[in-house]
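First to last, the sequence lines map onto chains A and B.
Those letters in the first sequence? Residues 1 to 355, by the numbering used here.
Those letters in the second sequence? Residues 1 to 270, by the numbering used here.
Take a look at the structure set out below.
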Amino acid sequence: MELKEDIRLMKGNEAMAEAAIQAGMDAYFGYPITPQSEVLEYLTREVPNRTGIALQAESEVAAINMVYGAAGAGARVWTSSSSPGWSLMQEGVSYIAAAELPCLLVNVNRGGPGLGTIQPSQGDYFQATKGGGHGDYHLLVLAPNSVQEMADFVFLGFELAEKYRTPVMMLSDGAIGQMMEKVTFHKREIVKSAKPWATTGKTEDRERNIITTLFIQPEKMEIVNIHLNAKYEEIKKNEVRYEEIETKDAEYLLVAYGLSARISHKVVILAREKGIKLGLLRPITLWPYPSDVLFKLADQVKGMMTVELNAGQMVEDVRLAVNGKVKVGHYGRMGGIIPSPEEVEENLEKFIKTL
Amino acid sequence: MENNEILTPQCIVDGDDNYDLVYEKTNVMTDTRLHYCPGCGHSTAHKILGEVIQELGIQKDVIGVAPVGCSVFAYEYLHIDWQEAAHGRATAAATGIKRCLPDKYVFTYQGDGDLAAIGTAETIHCINRGENIMIIFINNGVYGMTSGQMAPTSLEGMKTTTSPYGRNVHTMGYPLKVSELIAPLPGAFYVTRQTVHTPNAVRKAKKAIMNGFKYQKLGKGLSFIEIVSNCPSNWRMTPLQSNDFIDTDMLKYYPPGDIKVPSKEDLINL
Ligand code: SF4
Numbered sequence: 001m002e003l004k005e006d007i008r009l010m011k012g013n014e015a016m017a018e019a020a021i022q023a024g025m026d027a028y029f030g031y032p033i034t035p036q037s038e039v040l041e042y043l044t045r046e047v048p049n050r051t052g053i054a055l056q057a058e059s060e061v062a063a064i065n066m067v068y069g070a071a072g073a074g075a076r077v078w079t080s081s082s083s084p085g086w087s088l089m090q091e092g093v094s095y096i097a098a099a100e101l102p103c104l105l106v107n108v109n110r111g112g113p114g115l116g117t118i119q120p121s122q123g124d125y126f127q128a129t130k131g132g133g134h135g136d137y138h139l140l141v142l143a144p145n146s147v148q149e150m151a152d153f154v155f156l157g158f159e160l161a162e163k164y165r166t167p168v169m170m171l172s173d174g175a176i177g178q179m180m181e182k183v184t185f186h187k188r189e190i191v192k193s194a195k196p197w198a199t200t201g202k203t204e205d206r207e208r209n210i211i212t213t214l215f216i217q218p219e220k221m222e223i224v225n226i227h228l229n230a231k232y233e234e235i236k237k238n239e240v241r242y243e244e245i246e247t248k249d250a251e252y253l254l255v256a257y258g259l260s261a262r263i264s265h266k267v268v269i270l271a272r273e274k275g276i277k278l279g280l281l282r283p284i285t286l287w288p289y290p291s292d293v294l295f296k297l298a299d300q301v302k303g304m305m306t307v308e309l310n311a312g313q314m315v316e317d318v319r320l321a322v323n324g325k326v327k328v329g330h331y332g333r334m335g336g337i338i339p340s341p342e343e344v345e346e347n348l349e350k351f352i353k354t355l
Numbered sequence: 001m002e003n004n005e006i007l008t009p010q011c012i013v014d015g016d017d018n019y020d021l022v023y024e025k026t027n028v029m030t031d032t033r034l035h036y037c038p039g040c041g042h043s044t045a046h047k048i049l050g051e052v053i054q055e056l057g058i059q060k061d062v063i064g065v066a067p068v069g070c071s072v073f074a075y076e077y078l079h080i081d082w083q084e085a086a087h088g089r090a091t092a093a094a095t096g097i098k099r100c101l102p103d104k105y106v107f108t109y110q111g112d113g114d115l116a117a118i119g120t121a122e123t124i125h126c127i128n129r130g131e132n133i134m135i136i137f138i139n140n141g142v143y144g145m146t147s148g149q150m151a152p153t154s155l156e157g158m159k160t161t162t163s164p165y166g167r168n169v170h171t172m173g174y175p176l177k178v179s180e181l182i183a184p185l186p187g188a189f190y191v192t193r194q195t196v197h198t199p200n201a202v203r204k205a206k207k208a209i210m211n212g213f214k215y216q217k218l219g220k221g222l223s224f225i226e227i228v229s230n231c232p233s234n235w236r237m238t239p240l241q242s243n244d245f246i247d248t249d250m251l252k253y254y255p256p257g258d259i260k261v262p263s264k265e266d267l268i269n270l
């Protein structure tokens with residue numbers, strides 16, 4: 001059946017679930033947690049009449065290991081959760097990365113640490129981009145800033161996961177997951193890559209397939225690590241994504257992703273009304289990080305400031321990227337508080353005075 | 001001794017090769033030398049598992065899930081597709097596989113620490129969902145791989161490296177009878193406790209594993225095959241002493257036999 005292009009008003013979480021069905025998902029395994037429970041609800045409602053499997057697991061621990069099993073069996077599979085549940089999944093995520101299993105993993109970030117709050121946050125930036133689970137691995141991390149992107153990044157996420165045989169993460173937040181916006185589902189052809197390595201039963205024409213993460217001899221373990229890192233280098237080369245807003249003549253630069261980037265876009269408008277030549281760089285991939293463009297922009301601007309819904313996490317990556325060329329500040333609110341554009345603009349002006 | 005010395009049949013008598021073949025290694029087993037300690041029941045359990053897969057002719061349709069524990073390398077020994085799961089999560093991984101490949105035969109092979117301690121939640125819920133898979137549960141009452149710590153199934157008074165004065169049930173809990181615990185769950189279709197320490201027991205255990213595969217085609221729930229096994233190394237016994245200990249102690253607390261069997265009507269379509 002050919003899908004017609006359709007436009008709907010949806011929550012980010014629902015748009016993501018709808019996109020997954022349209023992307024030909026074979027399975028979803030999840031556990032309810034606010035603010036992303038709509039995903040499992042949407043899928044358990046829709047899937048019986050359409051395609052795929054949606055199963056409520058007994059915990060996030062079980063859900064991520066179901067993803068492991070299904071991805072190993074060659075399925076197009078995904079899961080979603082929110083911060084405390086995402087923490088529970090980290091063991092499985094490390095195994096999935098080690099076993100090079102393509103899948104899509106979504107964290108609809110809420111405020112922490114601990115049980116925290118159900119309000120939006122970007123407090124899981126470190127966890128998403130620096131590891132989260134044990135061992136040397138990276139997730140390819142996509143950061144949507146709209147309901148549309150939450151849908152689009154499902155298609156992109158599956159594609160990239162299969163292209164590189166690697167888990168792809170979408171780091172959203174409680175606001176984008178919960179808010180309703182217009183979303184367009186474009187007509188697309190779904191291509192699923194062949195998975196000759198999957199455990200689908202050992203036929204006579206091939207050797208048996210084994211999905212394992214155990215390499216007990218250090219020499220072999222190191223080879224696996226070298227292989228993984230070669231792949232990560234390839235991803236770094238090809239998959240950096242970002243958006244530049246008003247950077248051409250910018251004297252100052254905001255750096256923000258996701259929800260913060262939406263706020264920051266308003267800040268750019270406010271500042272420019274006041275004659276401050278402000279630009280915005282929005283990283284779309286948080287890993288790999290758009291370091292090169294920031295390094296270049298550092299020659300042009302007098303200072304950079306990150307806007308984050310956390311105590312200052314991404315600011316470290318910006319500082320690494322510009323390597324001391326310009327001063328990099330941070331403005332953030334925590335615990336589920338969302339700053340207004342006026343509040344950020346005021347703090348930008350304070351930052352500019354320190355330059 | 002080289003591998004091929006073990007594997008080549010040495011039956012040629014006086015240059016006459018017209019001999020009766022009385023035993024042959026199943027070709028579902030690989031030629032990799034088993035890493036298990038001498039006399040360990042894991043080796044026997046692997047062998048009958050391989051034999052059953054061969055006899056049923058389902059090698060191309062079987063996916064095994066290996067645990068973390070002594071049998072972590074189970075995937076080295078059978079010529080089938082395997083996944084190696086995180087500690088305790090084999091049944092979750094198996095759920096993911098079976099749901100996506102419902103026509104395949106899926107089994108997990110897990111020890112007592114993996115299945116009955118760290119993986120208890122996954123075990124119970126997998127059974128409770130009635131996933132159409134088989135769990136082979138090797139119960140030897142001790143953590144083998146990490147060298148002899150107390151397991152949830154260690155017997156009362158059993159000395160292990162973490163119960164050096166013997167398991168005190170008042171402070172360390174009681175040995176867990178997993179089969180009896182899960183048998184009442186409606187999702188459990190077939191629950192049996194077997195051993196592999198005598199030739200007769202091996203035959204029975206093999207039959208149970210065969211059932212566990214066959215029943216998957218019925219789509220009526222999960223087959224749970226407990227095998228009470230030995231761990232000569234961590235029981236600090238010779239293999240023979242450990243086999244005796246199975247009779248004198250283990251089977252007293254974990255009585256062998258069927259705990260839940262399908263009814264005749266259940267098996268009508270088999
Ligand atoms: S430690 Fe025990 S269970 Fe493990 S292989 Fe040796 S005898 Fe078998």
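Built from N, CA and C at the ideal position, the CB exists for glycine as well.
CA nearest to the CA of residue i, picked from the options
i, options, result
"M29 of chain B", "B:P152, B:C40, B:G39 and B:E55", "B:E55"
"L101 of chain B", "A:M180, A:A75 and A:H265", "A:A75"
"I259 of chain B", "B:Y109, B:V178, B:K217 and B:N200", "B:V178"
"G57 of chain B", "B:M210, B:I97, B:S263 and B:H46", "B:M210"
"Q313 of chain A", "A:V39, A:V326, A:R333 and A:G303", "A:R333"
"Q59 of chain B", "B:Y105, B:L21 and B:V196", "B:Y105"
"R262 of chain A", "A:L156, A:K350 and A:I284", "A:I284"
"W82 of chain B", "B:A92, B:G88, B:T108 and B:C70", "B:T108"
"P199 of chain B", "B:D112, B:Y36, B:K47 and B:Y19", "B:K47"
"G144 of chain B", "B:C37, B:G166, B:Y254 and B:S263", "B:C37"
Neighbourhood of residue i by C-beta distance below 8 angstroms, restricted to the same chain and skipping five residues each side
i, result
"D245 of chain B", "Position check: residue 245 of chain B holds Phe in this sequence, whereas Asp was assumed. Contacts found: N230, W235 and M237."
"Q194 of chain B", "A201, K204, A205, A208, I225, E226, I227, V228 and P256"
"F295 of chain A", "A321, V322, N323 and K325"
Beta carbon proximity, residue i to chain A, threshold 8 angstroms
i, result
"Y125 of chain B", "Contrary to the premise, residue 125 of chain B reads as His rather than Tyr in this sequence. So yes, H125 of chain B belongs to the interface."
"G96 of chain B", "yes"
"E2 of chain B", "Note that E2 of chain B scores a pLDDT of 49, beneath 50, so its modelled location is shaky and nothing firm can be said."
"H35 of chain B", "no"
"I63 of chain B", "yes"
"Q216 of chain B", "no"
"K177 of chain B", "no"
Beta carbon of residue i nearer than 8 angstroms to that of residue j
i, j, result
"A70 of chain A", "R99 of chain B", "yes"
"K171 of chain A", "A128 of chain A", "Per the sequence presented here, residue 171 of chain A reads as Leu, with Lys not at that position. In contact: L171 of chain A and A128 of chain A (Cβ atoms closer than 8 angstroms)."
"F213 of chain B", "A188 of chain B", "no"
"I279 of chain B", "T199 of chain A", "Nothing about residue 279 of chain B can be read from this structure; chain B reaches only from 1 to 270."
"S82 of chain A", "I33 of chain A", "yes"
"I211 of chain A", "E84 of chain B", "yes"
"E239 of chain A", "P288 of chain A", "yes"
Closer than 7 angstroms: residue i CB and nearest the ligand SF4 heavy atom
i, result
"M145 of chain B", "yes"
"N234 of chain B", "yes"
"C70 of chain B", "yes"
"Y109 of chain B", "no"
"Y36 of chain B", "yes"
"N140 of chain B", "yes"
"C231 of chain B", "yes"
Neighbour flag for residue i against chain B, beta carbons, 8 angstroms
i, result
"S59 of chain A", "yes"
"T51 of chain A", "no"
"L55 of chain A", "yes"
"E204 of chain A", "yes"
"I210 of chain A", "yes"
"E251 of chain A", "no"
Chain-order list of residues whose beta-carbon lies under 6 angstroms from that of residue i (same chain, five-residue window excluded)
i, result
"T51 of chain A", "none"
"V67 of chain A", "F29, V77, T79 and C103"
"E18 of chain A", "none"
"G50 of chain B", "T26, V28, M29 and L78"
"I135 of chain B", "T108 and F224"
7 angstroms Cβ shell around residue i - same chain, five flanking residues per side excluded
i, result
"P144 of chain A", "M150, F153, M170, S172, I176 and G258"
"T32 of chain B", "E76 and Y77"
"I64 of chain A", "T79, M89, G92 and V93"
"V293 of chain A", "Y242 and L281"
"G135 of chain A", "S94 and A98"
"M1 of chain B", "Any answer about M1 of chain B is weak, because its pLDDT of 43 lies below 50 and its placement is not dependable; what the coordinates show is given next. So no residue of the chain qualifies."
Residue i Cβ short of 7 angstroms to the ligand MN heavy atom set
i, result
"H42 of chain B", "Of the ligands one can find in the structure shown, namely the ligand SF4, none is the ligand MN."
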